[in-house]
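In this note's numbering, the protein residues as written are 8 to 285.
Structural data, given as structure tokens:
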């Protein structure tokens, strides 16, 4: 096999994951163009089966399910990207400070992270969302609360392993401040693993937000959001199109971002990249 003939991004799962990510992002961006109707428009009889006129059928209020699934991408994906970005930034800053300064700073910040880790993520997210009130914005904050410690632990370990390296010591001798050292010298060692974790977390974020909405702690009717669509369809379980299509949307998004995250990990790991090149 010729050197360079195989790369992580040429693997079948990588291609499938990337294709679905691009597809769903386009659906979210172009939702007003792609959806045949508005997400709240009651345009037909109730509970119509999928047909040529309504490809995904209609729901219990006569709304087009396809349109609601398409507009649901506009809700789920941007919020998932937002909460992953917030979690990554908060966790990276906390982890970098803890790993760089060590001592009581490290002990205090890591005990705070351990406090969050002491509870199952979904249970803590439910408790936070319930305390703040059943609203999608509060569900996002709840997921951020349970997500940032993972980034803090990851970045702390990377910073601790690199802070005593020669190039960091040289920079400090040349007068670099602590902030400049973390941003300029240590950031390149941290960026790759954080990017991989963030890619994997987008799918988990969609799943958690949908789960909170399913439990009544996230999006509230009549908002077109996949988790709330699934739970509303459970009242008519025999009418499969009410819950199947939003459920498949959640499934494909989660799998796609997991495939992309795995591929990023392989691409950024020199040992894996060399193995794939043969």
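Here a beta-carbon is modelled for each residue, glycine too, at the ideal position from N, C-alpha and C. Keep in mind that this is a model prediction, so the values were computed, not measured.
With which residues is residue i paired in a DSSP beta bridge?
i, result
"residue 71", "65"
"residue 49", "70"
Quick one, are the C-beta atoms of residue i and residue j less than 7 Å apart?
i, j, result
"residue 203", "residue 268", "yes"
"residue 73", "residue 62", "yes"
"residue 159", "residue 98", "yes"
"residue 205", "residue 271", "no"
"residue 264", "residue 238", "no"
"residue 259", "residue 27", "yes"
"residue 35", "residue 81", "yes"
"residue 105", "residue 201", "no"
"residue 19", "residue 273", "no"
"residue 210", "residue 153", "no"
"residue 76", "residue 252", "yes"
"residue 165", "residue 196", "yes"
"residue 156", "residue 126", "no"
So the alpha helix (DSSP H) residue i belongs to, where does it begin and stop?
i, result
"residue 264", "248-275"
"residue 222", "Looking at the DSSP string, residue 222 is not in any alpha helix (DSSP H), and its letter there is neither H nor E."
"residue 244", "That residue, residue 244, is in no alpha helix (DSSP H); it is neither H nor E in DSSP."
"residue 3", "The question about residue 3 has no answer, for the chain in this structure spans 8 to 285."
"residue 23", "19-36"
"residue 129", "128-139"
"residue 55", "Premise fails: residue 55 is in no alpha helix (DSSP H) and is neither H nor E."
"residue 117", "110-124"
Compute the beta-carbon to beta-carbon distance between residue i and residue j, rounded to the nearest angstrom, for a pair I have assumed lies under 8 Å.
i, j, result
"residue 90", "residue 212", "5 Å"
"residue 103", "residue 189", "5 Å"
"residue 224", "residue 136", "4 Å"
"residue 42", "residue 78", "6 Å"
"residue 148", "residue 139", "6 Å"
"residue 217", "residue 234", "3 Å"
"residue 226", "residue 122", "Residue 226 to residue 122, Cβ: 28 Å. No contact."
At a Cβ threshold of 7 Å, is residue i touching chain B?
i, result
"residue 249", "The chain inventory of the structure shown lacks chain B, comprising one protein chain alone."
Exercise for review: Could you pull out every unbroken alpha helix (DSSP H) segment of at least 4 residues lying fully inside the segment 141-181, listed in chain order?
Suggested key: Counting only runs of 4 or more, we get 143-169 and 173-180.
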